[in-house]
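Protein chains: 2
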Amino acid sequence: MKAVLIIADGLGGRPTDLAGKTCLEAASTPHLDALASRGALGLVDPIGPGVRPGSDTAHLSLLGYDPRRVYTGRGVFECFGIGMDVCQGDICFRANLATAEETPDGLKITDRRAGRIDRGQDQLAAVLNDVKLTVSPKISFEFQPSTQHRGALLLRGHSIRLSSQITENDPHAVGAVAPDSKPNPDVIEDAAARVTAAAVNEITKRSFELWKDHPVNRARMESGKPSANVVLLRGASDAPHLQSLESTYRVKGAVIAGGALYRGVSLACGMCQLDVDGATGGLDTNLGAKAEAACKALETYDYVFIHVKGTDNAGHDQDAEAKRDFIERIDRELIGPLAQQLDWSKTHIAFTGDHTTPIDFGDHTTEPVPVLFAGPNVMPDGTQEFHEREAARGGLCRFSGQVLPILFGYCNWSPKFGA
Amino acid sequence: MKAVLIIADGLGGRPTDLAGKTCLEAASTPHLDALASRGALGLVDPIGPGVRPGSDTAHLSLLGYDPRRVYTGRGVFECFGIGMDVCQGDICFRANLATAEETPDGLKITDRRAGRIDRGQDQLAAVLNDVKLTVSPKISFEFQPSTQHRGALLLRGHSIRLSSQITENDPHAVGAVAPDSKPNPDVIEDAAARVTAAAVNEITKRSFELWKDHPVNRARMESGKPSANVVLLRGASDAPHLQSLESTYRVKGAVIAGGALYRGVSLACGMCQLDVDGATGGLDTNLGAKAEAACKALETYDYVFIHVKGTDNAGHDQDAEAKRDFIERIDRELIGPLAQQLDWSKTHIAFTGDHTTPIDFGDHTTEPVPVLFAGPNVMPDGTQEFHEREAARGGLCRFSGQVLPILFGYCNWSPKFGA
Chain A
700 MKAVLIIADG LGGRPTDLAG KTCLEAASTP HLDALASRGA LGLVDPIGPG VRPGSDTAHL
760 SLLGYDPRRV YTGRGVFECF GIGMDVCQGD ICFRANLATA EETPDGLKIT DRRAGRIDRG
820 QDQLAAVLND VKLTVSPKIS FEFQPSTQHR GALLLRGHSI RLSSQITEND PHAVGAVAPD
880 SKPNPDVIED AAARVTAAAV NEITKRSFEL WKDHPVNRAR MESGKPSANV VLLRGASDAP
940 HLQSLESTYR VKGAVIAGGA LYRGVSLACG MCQLDVDGAT GGLDTNLGAK AEAACKALET
1000 YDYVFIHVKG TDNAGHDQDA EAKRDFIERI DRELIGPLAQ QLDWSKTHIA FTGDHTTPID
1060 FGDHTTEPVP VLFAGPNVMP DGTQEFHERE AARGGLCRFS GQVLPILFGY CNWSPKFGA
Chain B
700 MKAVLIIADG LGGRPTDLAG KTCLEAASTP HLDALASRGA LGLVDPIGPG VRPGSDTAHL
760 SLLGYDPRRV YTGRGVFECF GIGMDVCQGD ICFRANLATA EETPDGLKIT DRRAGRIDRG
820 QDQLAAVLND VKLTVSPKIS FEFQPSTQHR GALLLRGHSI RLSSQITEND PHAVGAVAPD
880 SKPNPDVIED AAARVTAAAV NEITKRSFEL WKDHPVNRAR MESGKPSANV VLLRGASDAP
940 HLQSLESTYR VKGAVIAGGA LYRGVSLACG MCQLDVDGAT GGLDTNLGAK AEAACKALET
1000 YDYVFIHVKG TDNAGHDQDA EAKRDFIERI DRELIGPLAQ QLDWSKTHIA FTGDHTTPID
1060 FGDHTTEPVP VLFAGPNVMP DGTQEFHERE AARGGLCRFS GQVLPILFGY CNWSPKFGA
């Protein structure tokens, strides 16, 4: 048996100006419809009914974990996603390169994304990573940039305990002063949180000292671009305790995802990472290359998880036509080739989204998402198309999370609970 | 956005003598049917499949709380519902005014409701509330009557810990002796439970001493009515830890409910109470006044919760025609005016019950209840009527509790879990 899980980020929708249809209803999706005819549909609440999912928590839940128990924050998945080596006890952060101005009140943030800087990030990282923290010689750190202004930072204590229970220093507003990190207000007096916050504050301060006149920024200023002169840190999180999918199911899997967060969640769950040229995590991603890489990976791996981000981007941009068109591209360039090339006598596929991102709202909402399963062990339920309203009539009814365990169940890979 | 939640208590049913239809099927409900045509239906298990709900636990679950975690007993909601000031550490009781006869074995209860006494309760309460407990000067209490024989009692320890882990003294049977309250048998030797039980026993004993010859009761005896000469206490509960709906969703809501228990649950969750003339919590309630109050409240509040009790009363009375007729009144006098007066371009509504109360059984059962959502962000599912069988075909399928979070999700009010 082989298995393919495809999550189109933010796939679900509400009726739009496209003749009152959702983007998925409005899209022409002959390949998905053919899979629906052979398979079965349902509605999945990514985390649970009435719960508005983040992308990280939703993915954990769809992969079979209970995010209420295991979720420790976003930072750790960013670190995993960039390929950083996370150990128990480390504190992980999502990091932004930003633009700051020195004021008597502190560092005023004038651009949270440093003009979406697209080169020189590694040189900035190199000088910052040479810093030895004075707050404690027992704390080391590593900052690693990913795409544009994005990156991750990992704090490690050596014979000293650190804590994720601290406030962030990203003010989330342009023109505001970056606040000092402090122990969370609801944390009882805790030396670990105090020293961790102090380390964050020292790193931020040192980044500004080292970067404000760095050659990368002098060049940016000369060409009229905002400096990338400070690092902002948020999403402080501990390494979560996640039993690996391989140890649970005894199968090996690989992830194909452009976005670091999705790679990070998958790696944290024990998948291997496949790098695909042109997998950008955007609307311009190379879907055909993902299909090809997936088919090739299935020669080696038992299952492949393909994450596609463009649907969510178009949803956040509130662009119904872009979302519809991207769904049509998924159908034509990803589902079509898979449908043609995979051996359907021994392959199961699941296709769904990690949440609803309606055009009218432009952000995640609580509504359930259509889900499709097909393959030799899936009992066809008589549905003929793949979209929200047809899925509501599907034979799989409505359930919460667990799409990967259900897919693996069809593959007869599930361990028995009990005797 | 605005939101309206309506819970018709005990709405769900089973087929009845009304041509084999449920009361909801037998009722003519043009306004609910119109909402169904514009919205979507499903089945909701108030707490979970196969769980037989109480009204308090069902309401907590429908409002988005997990009653398995937060429910501490009924008494606290009775206290909240009467407007008592509950603090952490207090022990709350549902109280009954009852009729007792002195016997060598103790107080024999001859009427658990003291002939549904309808005047003089405040005078009885006043003399009881003057008692200083000899069991400990550190324990104070307050008894407050509500309607007829009903009331609530609150015990408060001052620099002394009390415990809800005690047995009740209501024998739940006429002709039986009211048992002494004791620490629960499964409680390990606990001074707090011992002193709390002793306080309950002293209050009960003192109530009989003070009330047996009280002028209120002398007058009752002269006119042949049973004395209200003892207080029975049940449902001992601690103040629950409930995060307020306002702190979770950042919206303000109000409750319109005749019954103290429903007001109590709603107040404990952070809603404000609206008093509506003629909202009795019975079959004779003024539904039009509730509709009017709700429309007016929505000028100030983000959402309104309307509780209607009559459906459950008719179910407990095993009167199918009364239940059907009351459902028709709900449709005509409550739903009709709301449908006409609310601005449906920016209002979402949810209509459901808190459990099934079938005519043949006359008490709560485990079956799921039909639920309806309508409003601009609800995707119509093709259903045309509102009742159990149509709801089973609805596009929302079946889920557990969480009706308020789902309603708020349509309003785009939900906080994101994760990033």
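Each protein sequence line maps, in turn, to chains A and B.
According to my numbering, the first sequence is numbered sequentially starting from 700.
According to my numbering, the second sequence is numbered sequentially starting from 700.
Think of the CB as a built atom: it goes at the ideal place given N, C-alpha and C, for glycine as much as any other residue.
Ranked by Cα distance from histidine 730 of chain B, the first of B:Val1068, B:Asp974, B:His1086 and B:Tyr948 is B:His1086.
Using a Cβ-Cβ cut-off of 7 angstroms, glycine 711 of chain A does not count as an interface residue toward chain B, since no Cβ of chain B sits closer than that to its own. With a cut-off of 8 angstroms on Cβ pairs, the segment 1019 to 1030 of chain B is not in contact with the segment 964 to 971 of chain B, counting fewer than three such pairs. Taking all protein chains shown into account, lysine 989 of chain A has 16 or more neighbouring C-beta atoms within 10 Å of its C-beta and is therefore buried.
Closest in alpha carbon position to aspartate 1062 of chain A, among B:Phe1050, B:Thr1064, B:Lys701 and B:Tyr1109, is B:Tyr1109. Counting of Cβ neighbours within 10 angstroms places histidine 857 of chain B among the exposed residues, the total staying below 16. Note that the segment 941 to 953 of chain A does not touch the segment 785 to 795 of chain A; fewer than 3 beta-carbon pairs, one per stretch, sit closer than 8 angstroms.
Checking the DSSP bridge columns, you'll see glycine 711 of chain B partnered with B:Thr1055.
The beta-carbon separation of phenylalanine 1050 of chain B and isoleucine 746 of chain B, rounded to 19 angstroms, does not stay under the 8 angstroms limit for a contact. In the structure shown, asparagine 795 of chain A falls within a strand segment according to DSSP collapsed to helix, strand and coil. Residues of chain B with a Cβ closer than 8 angstroms to the Cβ of proline 766 of chain A are, in chain order, Phe1116 and Gly1117.
Note: valine 1003 of chain A is bridge-paired with A:Val703 and A:Ala953 in the DSSP secondary-structure output. Excluding sequence positions up to five before and after phenylalanine 907 of chain B, its CB lies within less than 7 angstroms of the CB of Ala799, Leu806, Asn928 and Val929, all in the same chain and listed in chain order.
Within the segment 711 to 762 of chain B, the beta strand (DSSP E) runs of at least 3 residues that lie entirely inside it are, in chain order, 739 to 744. Taking CB atoms only, aspartate 755 of chain A has a neighbour in chain B less than 7 angstroms away. Considering only B:Pro1057, B:Thr984 and B:Ile1034, the residue with the shortest C-alpha distance to aspartate 1016 of chain B is B:Pro1057.
Taking 8 angstroms as the cut-off between beta carbons, none of the residues of the segment 781 to 794 of chain B comes near chain A.
Using a C-beta cut-off of 8 angstroms, the segment 715 to 735 of chain A makes no contact with the segment 751 to 766 of chain A, since fewer than three inter-stretch Cβ pairs fall below that distance. Under a criterion of Cβ atoms nearer than 7 angstroms, the residues of chain B adjacent to histidine 1063 of chain A are, in order, Lys1115.
The C-beta distance from leucine 823 of chain A to alanine 898 of chain A rounds to 19 angstroms, too long to meet the 8 angstroms contact threshold. Look at the segment 777 to 832 of chain B and you find these whole runs of alpha helix (DSSP H), each 4 residues long or longer: 820 to 828. Proximity of chain B to alanine 725 of chain A at the Cβ level (cut-off 7 angstroms) is not reached, the minimal Cβ distance being about 13 angstroms. The C-beta separation of valine 1003 of chain A from alanine 993 of chain A comes to about 5 angstroms, placing the pair in contact by the 8 angstroms criterion. Straight across, the Cα-Cα distance linking threonine 846 of chain A with valine 975 of chain A is about 15 angstroms.
Histidine 871 of chain B counts as exposed, since fewer than 16 other C-beta atoms from the protein chains shown sit within 10 angstroms of its C-beta.
Valine 1068 of chain B is positioned such that its CB atom lies closer than 7 angstroms to that of valine 743 of chain B. Taken through DSSP and simplified to helix, strand or coil, arginine 773 of chain A comes out as coil.
Interface annotation, glycine 958 of chain B: not in contact with chain A, CB-CB separation never under 7 angstroms. For the pair phenylalanine 1072 of chain B and glycine 814 of chain B, the CB atoms are not nearer than the 7 angstroms cut-off. Across the set B:Asn985, B:Gln864 and B:Phe1025, the C-alpha of B:Gln864 shows the shortest separation from the C-alpha of aspartate 885 of chain B.
At a cut-off of 7 angstroms, the C-beta of methionine 1078 of chain B has a neighbouring C-beta in chain A. Interface residue (Cβ-Cβ distance to chain B less than 7 angstroms): cysteine 1096 of chain A is classified as such. One finds Pro748, Gly749 and Thr1065 in chain A with Cβ atoms closer than 8 angstroms to the Cβ of isoleucine 1105 of chain B, taken in chain order. Residue nearest to glutamate 991 of chain A within the set A:Asp716, A:Gly963, A:Leu1033 and A:Val964 is A:Leu1033 (criterion: CA-CA distance). In the structure shown, glutamine 1039 of chain A falls within a helical segment according to DSSP collapsed to helix, strand and coil. Where phenylalanine 1085 of chain A is concerned, there is no enclosing alpha helix (DSSP H), because DSSP gives it neither an H nor an E.
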